[in-house]
Structure formats: C-alpha cells, structure tokens
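Since the structure comes first, as structure tokens, the remarks are kept for the end.
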Amino acid sequence: MKLKTNRSAAKRFKATGTGKVKRNKAYRRHLLSSKTTKRKRNYRKSTLVDSANIAGVKQMLPYL
988 MKLKTNRSAA
998 KRFKATGTGK
1008 VKRNKAYRRH
1018 LLSSKTTKRK
1028 RNYRKSTLVD
1038 SANIAGVKQM
1048 LPYL
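Here the working numbering = 1-based position in the sequence shown + 987.
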C-alpha cells in the first residue's frame, strides 16, 4: 500500500545529501523591531532537525 506524504511537512523540510533533515528557523514573522539585527540575520540560516524530532518528521515524510 502507498503511504501519503503530509503535504505541509513536505514544504517545510528537505533532506541533505547525507540524509539529515534540514529546516528553517522560527521567530522571523512579526515583532521584529524588538529583535537585534544579529538575531534576525541568524534566523535566515537553515538548521538541522533535532534528533528528538527526527522520528516524527520521517513518519510525516515516508519518502524523504
């Protein structure tokens, strides 16, 4: 049986070449005037999904 991919998760996560899962950072949508330029600049960078959350992401994205 085919498994369905969670489409919202598919738009948020990408696999790296080595099989790790990449994500974008949160806290960059609003209330930005109180945050420093350095902090906002760091929110632009992508990061890896934590090991505690990998299982949940893999379940949502069976073909990742």
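Quick reminder that beta carbons are idealized off the backbone N, C-alpha and C, glycines included.
Within the chosen definition, does the stretch 1015-1024 reach the stretch 1033-1047 through at least 3 CB pairs nearer than 8 Å? Output reads no: the stretch 1033-1047 does not touch the stretch 1015-1024.
Go through its chain and collect everything with a Cβ distance to L1035's Cβ below 8 Å, but skip five positions before and after it. Position 48 of the sequence shown holds residue 1035. Around L1035: T1003, K1007, V1008, K1009 and R1010.
So who's on the other strand from R1010, going by DSSP bridges? Along the sequence shown, one-based indexing puts residue 1010 at 23. Note: R1010 sits in a beta bridge opposite T1034.
Which first and last residues belong to the alpha helix (DSSP H) in which S995 is found? On the sequence shown, position 8 is the one that residue 995 refers to. S995 -> alpha helix (DSSP H) spans R994 to R999.
Going by CA-CA distance only, name the one from D1037, S1038 and A1013 that's closest to N1028. Translated into positions along the sequence shown, residue 1028 becomes position 41. Residue identity differs from the one stated: residue 1028 is Arg in this sequence, not Asn. For the residues D1037, S1038 and A1013, the minimum Cα distance to R1028 belongs to A1013.
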